[in-house]
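A.B. asks:
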Amino acid sequence: MPKLTGQCLCGDVTFATEGDVAFQANCHCSDCRQTTGATFATLLFMDQSDVEVSGDVTTFAHTVDSGNVLTKHFCPNCGSQVFGTSESRPTLIALRAGCINEHEHVKPQINVFAGSKMDCTLLDPDLPAPERMPG
Ligand SMILES: [Zn+2]
Ligand SMILES: [Zn+2]
């Protein structure tokens, strides 16, 4: 997997990756919709040790229905949400696809929480679309 790079809107926070993306998903849950302000979030999950983040981020942690605590990491200057982390999977990082420069490597494999998608959101019929997060 080639290196991926990205940044927030103002450029104060940047990241660069090494290694493979474990998993890519579009998430249609209400948390992802509200936190991004978009109709869904596209997330690239990787090992945290494969991602180098430069610049300071501010965090917001919240508890989801499962009891897990998710943390959003965003630029304190422009507010872009650059990545997320999860208490239950502490070695993983979820990069926000919209911040990534190498568009050709953003290829979501699944639509999760399809049961809470907005009516206007069209799903790729070739991708699985479970109502909730599998597993
Ligand atoms: Zn910024
Ligand atoms: Zn979500």
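All the letters of the sequence shown, read from the start, carry residue numbers 1 to 135 under the working numbering. No residue lacks a Cβ here, since even glycine has one placed at the ideal position from N, Cα and C. Computed from a predicted model, the values in this text were never measured in an experiment.
Is Phe60 near ligand 2, in the sense that its beta carbon is under 7 Å from a heavy atom of that ligand?
C.D. replies: no
A.B. asks: Once the 5 residues before and after Gly19 are set aside, which same chain residues still bring their CB inside 6 Å of it?
C.D. replies: Asp50
A.B. asks: Would you be able to state if there are at least three C-beta pairs under 8 Å between the segment 72-83 and the segment 8-28?
C.D. replies: yes
A.B. asks: Could you check what DSSP says for Ala22 in three-state terms: helix, strand or coil?
C.D. replies: coil
A.B. asks: Is it a yes or a no for the segment 110-117 touching the segment 24-39, going by three-plus beta-carbon pairs under 8 Å?
C.D. replies: yes
A.B. asks: I'd like to confirm something about Asn77: is its beta-carbon nearer than 7 Å to some heavy atom of ligand 1, or not?
C.D. replies: yes
A.B. asks: Is there at least one non-hydrogen atom of ligand 2 closer than 7 Å to the beta-carbon of Phe15?
C.D. replies: no
A.B. asks: For Phe113, is the beta carbon positioned less than 7 Å from some heavy atom of ligand 2?
C.D. replies: yes
A.B. asks: Counting only runs of 3+ residues fully inside the segment 79-130, write out the beta strand (DSSP E) ranges in chain order.
C.D. replies: 81-86, 92-96
A.B. asks: Mind checking which residues open and close the alpha helix (DSSP H) that includes Ser30?
C.D. replies: For Ser30, the enclosing alpha helix (DSSP H) has its first and last residue at 30-36.
A.B. asks: With a threshold of 7 Å, establish whether the CB of Ala38 neighbours any heavy atom of ligand 2.
C.D. replies: In this structure, the C-beta of Ala38 stays at least 7 Å away from each heavy atom of ligand 2.
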